[in-house]
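Participant:
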Amino acid sequence: MDFTRFMNDAAALEKTLRLLQGLAQLAASVLAADHHLVLVAGALRKHFALGRRYFRYFKWLDCALAAADAMPGRGSESEVGGKEGVETLLIAARASFLGMYLLLEACTILHVMGVHKSSWAPTFHVEGMRFWFYSLCCSIVLSVHELHTSSKASTNATCNGTTTITAAAAPPKKKTKTKSHNKATQEPKPSPTTTAAAAPPSHLTQAHLRARHTHALRTLLISALDLLTPGAIVGWIPAAPSVVAATSIASSFLGAQDIWRRVNAANSAGAG
Numbered sequence: 008m009d010f011t012r013f014m015n016d017a018a019a020l021e022k023t024l025r026l027l028q029g030l031a032q033l034a035a036s037v038l039a040a041d042h043h044l045v046l047v048a049g050a051l052r053k054h055f056a057l058g059r060r061y062f063r064y065f066k067w068l069d070c071a072l073a074a075a076d077a078m079p080g081r082g083s084e085s086e087v088g089g090k091e092g093v094e095t096l097l098i099a100a101r102a103s104f105l106g107m108y109l110l111l112e113a114c115t116i117l118h119v120m121g122v123h124k125s126s127w128a129p130t131f132h133v134e135g136m137r138f139w140f141y142s143l144c145c146s147i148v149l150s151v152h153e154l155h156t157s158s159k160a161s162t163n164a165t166c167n168g169t170t171t172i173t174a175a176a177a178p179p180k181k182k183t184k185t186k187s188h189n190k191a192t193q194e195p196k197p198s199p200t201t202t203a204a205a206a207p208p209s210h211l212t213q214a215h216l217r218a219r220h221t222h223a224l225r226t227l228l229i230s231a232l233d234l235l236t237p238g239a240i241v242g243w244i245p246a247a248p249s250v251v252a253a254t255s256i257a258s259s260f261l262g263a264q265d266i267w268r269r270v271n272a273a274n275s276a277g278a279g
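Per the numbering used here, the sequence shown starts with residue 8, numbered consecutively.
(1) Using three-state DSSP, classify F65 as helix, strand or coil.
(2) Is D9 buried or exposed, if buried means 16 or more other CB atoms sit within 10 Å of its CB?
(3) Considering only residues of the same chain and omitting the five flanking positions on each side of H152, which have a CB-CB separation below 7 Å?
(4) Spatial neighbours of T23 within its chain, please: CB distance less than 6 Å, with the 5 preceding and 5 following residues excluded, ordered by chain position.
(5) By a C-beta neighbour count over all protein chains shown, 10 Å radius and 16 as the cutoff for buried, is F140 buried or exposed?
(6) Using three-state DSSP, classify V122 as helix, strand or coil.
(7) What is the residue span of the alpha helix (DSSP H) that G238 lies within?
(8) Below 8 Å, can you find three or more Cβ-Cβ pairs linking the segment 15 to 22 to the segment 259 to 274?
(9) What number of angstroms, rounded off, separates the C-alpha of V241 from the C-alpha of F104?
(10) For my contact list, A102 and A77 are in at a C-beta cut-off of 8 Å; report their separation, rounded to the angstrom.
(11) How many angstroms separate the CA atom of P248 from the CA atom of Y64?
(12) Under three-state DSSP, which class holds W267?
If you want it as structure tokens, here you go:
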């Protein structure tokens, strides 16, 4: 079943716990008049947040490797998509900031579990949120750049497709007779098969560009929604706990949709 495959994925479980954490936080904010319900919702939120930490305890290693691969001269061209310049630096900065956030979070897990209380754990938590905020800012800038690039490429592909169709539909020009009949100097006529093969698959190109545009738009929306959480904790964005919970729920739902498509698409490809 699709739901079983989804719940067996580690990223899907982490995203589900984040969704439940947001719901518990929203309930604690809305039902503030009932002291007992606030205590129950607060306890659930803490347990859901702790459960999420187990799934991403070593994720900072992946971020460190991604940042190293994104740097010029370190990773292969296929791994970073052949990107250079400021875009490459933004990709490396995004992975580095996210890795620092996850590393600082991993250092405070004993404090959150109640095994060993540390005086520096709250400071690490706030500083980690700063790094997460920086990472989300880099992600937003990259998403805006991707939207601009995909829109520009889609316009160019449309213009090229129109030019190709117009050139193919135009009637062939009549050849003027010349005195030279040397076959070596005459250009061979392109066969219909060769012309059709040389024409760019405009429908495939447009579909790929639309997919890129949609992915960049969803990434931009998720990053903008997530930005409120570290911004509110650090104090850079004034927001009520209920608003932060609502944005966290929306972001978790969108992220879970992407994971659902990925998990089931991989299974469909394997079955095919």
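Ideal Cβ placement from N, Cα and C applies to all residues, glycine included.
Owing to the predicted nature of the structure, the values given are computational and were not obtained by experimental measurement.
Facilitator: According to the structure data:
(1) coil
(2) exposed
(3) E94
(4) none
(5) buried
(6) coil
(7) 235 to 241
(8) yes
(9) 15 Å
(10) 6 Å
(11) 26 Å
(12) helix
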